[in-house]
Structures are given as structure tokens and as C-alpha cells.
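Trainee:
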Amino acid sequence: MLPYNLQSSDAREFINHDEIVKSIAWAEENKDNQKLIAQVMAKAKEWKGLEHREAVLLLVGAKSRELFDLAGKIKQEFYGKRVVLFAPLYLSNYCVNGCVYCPYNVNNNAMPRKRLSQDDIRREVRALQSMGHKRIVIEAGEHPHFSPIDYVLESINTIYNSGDIRRINVNIAATTTEEYRRLKSAGIGTYILFQETYHEPTYKKLHPAGPKADYAWHTEAMDRAMQSGIDDVGIGALFGLADYRYELAALLMHSEHLEAVYGVGTHTISVPRIRKAQGVSVDSFEHGVTDEIYERIVACLRISAPYTGIIVSTRESEENRRNVLNAGVSQISGGSCTNVGGYSDKSKNNTDTNQFEISDKRSLGEIVHWLLEIGYIPSFCTACYHEGRVGDRFMELCKSGKIHNCCQPNALMTLQEYLMDYANISTKKAGESLINSELQNITSEKTRSLVTKYLEQIRAGRRDIRI
Ligand code: SF4
Ligand code: SF4
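In our numbering, the protein residues as written are 1 to 467.
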């Protein structure tokens, strides 16, 4: 039996199976212990986060309404009303891995394979920009010939030099420290890699082929990334593959490990749920989570990791996205295409490279309008990345509650840009009205007058102003 060791470099020690099993057993034993749950909720109300064991207790025992209210308040306290928007950009669906839940797996002969050329990428960037996007995450299957690191780096360079995409996050396969160093030098934002499942026997069953089959190599990837100088990493689990209590505990243990060893926990946590895709049936996975459990997972993550961005994609429906926004989500994708080349090529036969079925099919414009209607500030901000507020510098601001002083002004300014450049008349009206009222919520008079001045400059044509 391996010991639980937060500081260990061995995946099986820092994501320790016995510790997770004991945490779940302890939480289940105490799920009706209202006194203990109240104590953990009181600790959570100090807004300094919870440990994985406490989080599992709340997940199985706390009242939903109390969980959602607290999670919503924490999100509001740390980040205000802003919701950051982004889009995925699929570069290639060639893949040597055998992930059973993904249609890009090497054994799926029915999937057409495609890789974008640099000209294709320029077209995709133009299409994304014409929607209003400033922040993207690039996605590529793992393939030594079709998507080697040189191709990924060249693509990043093309994107940064094709217009006004201001931050590129990267979601590519686990790799070596040398290749992470090269990604860092290319100026990436967050390096994202989903664990899919932390439960090793399930992981082995679902990853029968390719380099990703190596559980330790995959699980220790964030250590290599941080050792290579990458400041911000984003983790995630694909809910539905294994017991959701197991995944929640493990996600938090992963972040606790990174914080203990590198002084900075994970920058973001993504919470995708398994979706139907070509050759992938949701019914073949026995650990599906209901909408209510899904919301509870999000709320527990928000309460336990207040300083971490929580991301929900268009895999979720409009209704679910609204619910999880209220439970602490801080970033969502919008107007997404999950196929290779889908932004510039809208023809029907192009959807045959979809990685998964989208639930929220609304355009970015519709999502911006919807966010305004339900009381959030749609934000296209990328300021921290450009101002060097990354890694431990970012976390310091977040932990002291000061990041809100950056998020609110930058959200208003990037929304103003969006309204000028992309919005229809009704969104423009709703957005202007929100900007005027939210401006008054900036408590510092100095910042308020600076933002007022910058908003005027944006209305006059200046772009990419940030604080
Ligand atoms: Fe390849 Fe990623 Fe799909 Fe696995 S999940 S088959 S690694 S693209
Ligand atoms: Fe994100 Fe920083 Fe902008 Fe806030 S100010 S939205 S944390 S980039």
C-alpha cells in the first residue's frame, strides 16, 4: 500500500487511492452529522478553501440550497459579476491514443481525419475574431507526425500574428519538460490537460492504447509543466467515467499537491460531463451524474478552491449553464465549434469531425446578450496574462481578494469594445446600461475615474486598454 504524500513526485502518492477511499468512507459515515457539516460550512465561510475530505463531506451531506448560495457568494466576492468568455480552436484530430470516450481515438476508422494548415488557421482566427473572441484554447490530438510540438508552436505563432487574439491557452497531450519549456517560450496562457479520470483501474480500461495509457506519465504532466516554468495550469475530470466523489476528491488533491510543491495551485478546473459523439454512447458509461449532482460538484469546487477559475463548456445546456453560473462558475465557452476547421467552414459535411455534441448551440452574440439579461458582465479580458499577473503573483492577488479590483474594470472595458465592434442594437443598449450602473460599483474613486476615461477612449476607437 502506497502512503499518501502531498509533496511526492509520484502520481500514486499525491493522488493516493487509499486516501480517496478513506475520504469517501468518512464523508458517507458523517453525511447526516449536521453538527460536523455546520462546522465545515463555517470554515468554508472564511473563504480560504477546504481540504478534499471536507469537500467530499459537503458534496454528500450539505443541503443543496446552502451549498449553492455560499458558492455563488464566494464567486461574487472574488471575481464579481464577470464571466470570462472563450472558444476552443481544434487544430487536428489525428490521434494515436485509444481513449474509449473520444471519437478521435485511433481505432475509430469512421472518423475523417483532418489537420489545419497555417492558412486554414488564419481563416479560423479571422472567423473567431469576427465573432468577437479574444481568448482561445487550442486543441489537438496526440500524433508524432501530424501534430508534433513544432506544428503546435508554429500554429501559436500564426494565431498571435493573425489579428487580435490576445491569449492562447493550450490543451495538448502530456509531454516532456523540454517541450513544455518551448510552449512557455511561445507565450502560452494556461496549459490545460484533463485527467479524464483519476481512478486508475478505470483509467487503464478507458485508455487501452497510446502514450496516454501510461497513468503516471499523464498524471505527473502538470509537475513537468510547472518545473518547466509554465505559470498557470488547468486540470479537469470528465464526469461520468468514474465515481464523481472520487473525481472531486482527486481534483482537489491534485491542486493541493501543486500548491504544496510549487506554491501555486491549479489556475483553472474544468468540469466536462461525458457527451454523445460519433461512436460514443453515453449509456455505456455507468457513472453519469444528474444535473443536481453536477451543480453540487461545481459548488463544492468553488467553495473548496475559491482562488481557482471554474470552467464550463458548451457541452452543457443553457439551463445547466445558468445553474452552474449561480453555483460559482467563472468562465464559459461560447459560439463553439468542436470540429476541425468549423469556424470558417460552415458546410454541413464539416461537422463529421465533431469531438462531441454541443448542447448550447447559441452564437456568441446570443450568449453575451443572455449573460447581460441574467445579471452577469460578459468579459473578454486577458489583462493578467499581459500584465504579468500569472502563477504566484496572480494567486497572491486572488487570495487577498484584490483581483476583483482588476476583473471588474477590465470586464467593463472589454465589454465596451465588444459593444462597439460586434454587438447588435439591443445588446448594445443592454450593455451600455449595465456598464453605466456597474461603473458606480467600482468603490475606488481613482479607479472609477480612470475607467470612465478609458471607456471614453474605447468609444473613440482605442483598443486593448487594461488595468
Ligand atoms: Fe486523442 Fe485526446 Fe481524444 Fe484521447 S481524448 S483520443 S488523446 S484527442
Ligand atoms: Fe481574468 Fe485577470 Fe482579467 Fe480578472 S483581470 S478577468 S483574473 S485576466
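Even glycine gets a Cβ: it sits at the ideal position worked out from N, Cα and C.
(1) Could you give the distance in angstroms between the alpha-carbon of residue 96 and the alpha-carbon of residue 123?
(2) Just to confirm before moving on: does the CB-CB distance between residue 249 and residue 52 stay below 8 Å?
(3) If you reduce the DSSP assignment to three classes, tell me which class residue 90 lands in.
(4) Quick check on the DSSP output: what are the complete beta strand (DSSP E) runs of length 3 or more inside the stretch 16-76, in order along the chain?
(5) Does any heavy atom of ligand 1 sit closer than 7 Å to the C-beta of residue 341?
(6) Find the nearest neighbour of residue 20 within the set 284, 103 and 252, judged by alpha-carbon distance.
(7) Please confirm whether residue 43 and residue 302 have their CB atoms less than 8 Å apart.
(8) Excluding the 5 residues preceding and the 5 following residue 110 in the sequence, name in chain order all residues of the same chain whose CB lies nearer than 7 Å to its CB.
(9) Can we count residue 173 as close to ligand 1, meaning its CB is less than 7 Å from some heavy atom?
(10) So, is residue 93 buried or exposed, given that buried needs 16 or more other C-beta atoms within 10 angstroms?
(11) With C-beta atoms as the reference, is residue 430 less than 8 Å away from residue 365?
(12) Use the C-beta contact count for residue 150: other C-beta atoms within 10 angstroms, 16 or more gives buried, fewer gives exposed.
(13) So the candidates are 117, 47, 386 and 61; which of them puts its Cα closest to the Cα of residue 35?
(14) State yes or no: is the C-beta of residue 141 nearer than 7 Å to some heavy atom of ligand 1?
(15) Taking only heavy atoms of ligand 1 into account, decide whether any of them is closer than 7 Å to the Cβ of residue 104.
(16) Just reading off the alpha helix (DSSP H) that residue 467 is part of, what are its end residues?
(17) Can you tell me the Cα-Cα spacing of residue 322 and residue 356, whole angstroms?
(18) Indicate the three-state DSSP secondary structure (helix, strand or coil) for residue 457 in the structure shown.
(19) For ligand 2, is there a heavy atom less than 7 Å away from the beta-carbon of residue 300?
(20) Can you say whether residue 139 is buried or exposed, counting buried as having 16 or more other CB atoms within 10 angstroms of its CB?
(21) Identify the residues that DSSP records as bridge partners of residue 273: which are they?
(22) By Cβ distance, which residues of its chain are closer than 6 Å to residue 234, with the 5 residues on each side in sequence left out?
(23) How should residue 87 be labelled, buried or exposed, when 16 other C-beta atoms within 10 angstroms of its C-beta is the threshold for buried?
(24) Tell me the DSSP secondary structure of residue 306 in three-state form.
(25) Would you mind stating whether residue 202 and residue 258 have Cβ atoms separated by less than 8 Å?
(26) Along the chain, where does the alpha helix (DSSP H) that runs through residue 408 open and close?
(27) From this set, 465, 13 and 434, which residue's C-alpha is nearest residue 219's C-alpha?
(28) Is residue 95 close to ligand 1? I mean its beta-carbon at under 7 Å from any heavy atom of the ligand.
(29) Starting from residue 234, follow its DSSP beta bridges and name the residues at the other end.
(30) Figure out for me which residue from 107, 406, 209 and 180 has the closest Cα to the Cα of residue 80.
(31) Three or more C-beta pairs closer than 8 Å, one from the stretch 148-164 and one from the stretch 378-392: is that the case here?
(32) Give a single yes or no on whether residue 82 has its beta carbon closer than 7 Å to a heavy atom of ligand 2.
(33) Are the beta-carbon atoms belonging to residue 332 and residue 83 less than 8 Å from one another?
(34) Excluding five sequence neighbours on each side, which residues of the same chain lie with their C-beta closer than 8 Å to the C-beta of residue 16?
(35) Below 8 Å on the Cβ atoms is my guess for residue 458 versus residue 416; work out the distance and round it to an integer in Å.
(36) Quick one, are the C-beta atoms of residue 188 and residue 169 less than 8 Å apart?
Mentor: The structure says:
(1) Numbered from its first residue, the sequence shown carries residue 96 at position 96. Numbered from its first residue, the sequence shown carries residue 123 at position 123. Here the alpha carbons of residue 123 and residue 96 stand approximately 27 Å from one another.
(2) Numbered from 1 along the sequence shown, position 249 holds the residue referred to as residue 249. Numbered from 1 along the sequence shown, position 52 holds the residue referred to as residue 52. In contact: residue 249 and residue 52 (Cβ atoms closer than 8 Å).
(3) The sequence position of residue 90 within the sequence shown is 90, counting from 1. Strand at residue 90.
(4) Here no run is fully enclosed.
(5) One-based indexing of the sequence shown puts residue 341 at position 341. Between ligand 1 and the CB of residue 341, the shortest heavy atom gap is not smaller than 7 Å.
(6) In the sequence shown, residue 20 corresponds to position 20, counting from 1. Closest option to residue 20, judged by alpha-carbon separation, among 284, 103 and 252: 252.
(7) By one-based count along the sequence shown, residue 43 stands at place 43. By one-based count along the sequence shown, residue 302 stands at place 302. Taking C-beta atoms as the reference points, residue 43 and residue 302 fail to come closer than 8 Å.
(8) Residue numbering aside, residue 110 sits at position 110 when the sequence shown is read from its first letter. If we look at residue 110 and ignore the five residues flanking it on each side, its Cβ neighbours are 278 and 279.
(9) Your numbering for residue 173 matches position 173 in the sequence shown. Under cutoff, so the answer is yes.
(10) For the purposes of this step, residue 93 is taken as the residue at position 93 of the sequence shown. Residue 93 is buried by the Cβ-count criterion.
(11) By one-based count along the sequence shown, residue 430 stands at place 430. By one-based count along the sequence shown, residue 365 stands at place 365. No, Cβ-Cβ distance for residue 430 and residue 365 is not below 8 Å.
(12) In the sequence shown, residue 150 corresponds to position 150, counting from 1. Label assigned to residue 150: exposed.
(13) On the sequence shown, position 35 is the one that residue 35 refers to. It is 61.
(14) The count along the sequence shown starts at 1 and reaches residue 141 at position 141. If you check the C-beta of residue 141 against ligand 1, you find a heavy atom less than 7 Å away.
(15) Counting from 1 along the sequence shown, the entry for residue 104 is found at position 104. Relative to the non-hydrogen atoms of ligand 1, the Cβ of residue 104 comes within a distance shorter than 7 Å of at least one.
(16) Within the sequence shown, the letter at position 467 stands for residue 467. That residue, residue 467, is in no alpha helix (DSSP H); it is neither H nor E in DSSP.
(17) Mapped onto the sequence shown, residue 322 falls at position 322. Mapped onto the sequence shown, residue 356 falls at position 356. C-alpha separation (whole angstroms): 21 Å.
(18) Sequence index remark: in the sequence shown, residue 457 carries index 457 (1-based). Secondary structure of residue 457 (DSSP, three-state): helix.
(19) As a position in the sequence shown, residue 300 is number 300, starting the count at 1. Not one heavy atom of ligand 2 is found less than 7 Å from the C-beta of residue 300.
(20) Here the question's residue 139 lines up with position 139 in the sequence shown. Buried, because 16 or more other Cβ atoms sit within 10 Å of the Cβ of residue 139.
(21) Along the sequence shown, read from residue 1 onward, the residue named residue 273 stands at position 273. As computed with DSSP, residue 273 is found in a beta bridge with 239.
(22) Start at 1 with the first residue of the sequence shown, and residue 234 comes out as number 234. Shown here for residue 234: same chain residues with a beta carbon closer than 6 Å to its own, the five before and five after excluded, namely 190, 192, 267 and 268 in chain order.
(23) If you number the sequence shown from 1, residue 87 lands on position 87. Here residue 87 is buried, its C-beta having at least 16 other C-beta atoms within 10 Å.
(24) For this step, residue 306 is matched to residue 306 along the sequence shown. DSSP, read as helix, strand or coil, puts residue 306 in coil.
(25) As a working note, residue 202 is residue 202 in the sequence shown. As a working note, residue 258 is residue 258 in the sequence shown. Result no, Cβ atoms of residue 202 and residue 258 do not sit closer than 8 Å.
(26) Walking along the sequence shown from the start, residue 408 turns up at place 408. Counting along the chain, the alpha helix (DSSP H) containing residue 408 begins and ends at 404-421.
(27) Counted from its first residue, the sequence shown places residue 219 at position 219. The residue with the shortest Cα to Cα distance from residue 219 is 13.
(28) Along the sequence shown, read from residue 1 onward, the residue named residue 95 stands at position 95. For ligand 1, at least one heavy atom lies less than 7 Å from the Cβ of residue 95.
(29) Here residue 234 corresponds to residue number 234 of the sequence shown, with the count starting at 1. According to DSSP, which records beta bridges pairwise, residue 234 is partnered with 192 and 268.
(30) Translated into positions along the sequence shown, residue 80 becomes position 80. Out of 107, 406, 209 and 180, the CA that lies nearest to the CA of residue 80 is found in 406.
(31) No: the two stretches stay apart, fewer than three of their Cβ pairs being nearer than 8 Å.
(32) As a first step, residue 82 must be located in the sequence shown, where it is residue number 82. Yes, Cβ of residue 82 sits closer than 7 Å to a heavy atom of ligand 2.
(33) For the purposes of this step, residue 332 is taken as the residue at position 332 of the sequence shown. For the purposes of this step, residue 83 is taken as the residue at position 83 of the sequence shown. Yes, Cβ-Cβ distance for residue 332 and residue 83 is below 8 Å.
(34) Here residue 16 refers to the residue found at position 16 of the sequence shown. So the qualifying residues of the chain are 2, 3, 4, 5 and 253.
(35) Counted from its first residue, the sequence shown places residue 458 at position 458. Counted from its first residue, the sequence shown places residue 416 at position 416. At roughly 5 Å, the Cβ-Cβ gap stays under 8 Å, so residue 458 and residue 416 are in contact.
(36) Taking the first residue of the sequence shown as 1, we reach residue 188 at position 188. Taking the first residue of the sequence shown as 1, we reach residue 169 at position 169. In this structure, residue 169 lies closer than 8 Å to residue 188 by Cβ.
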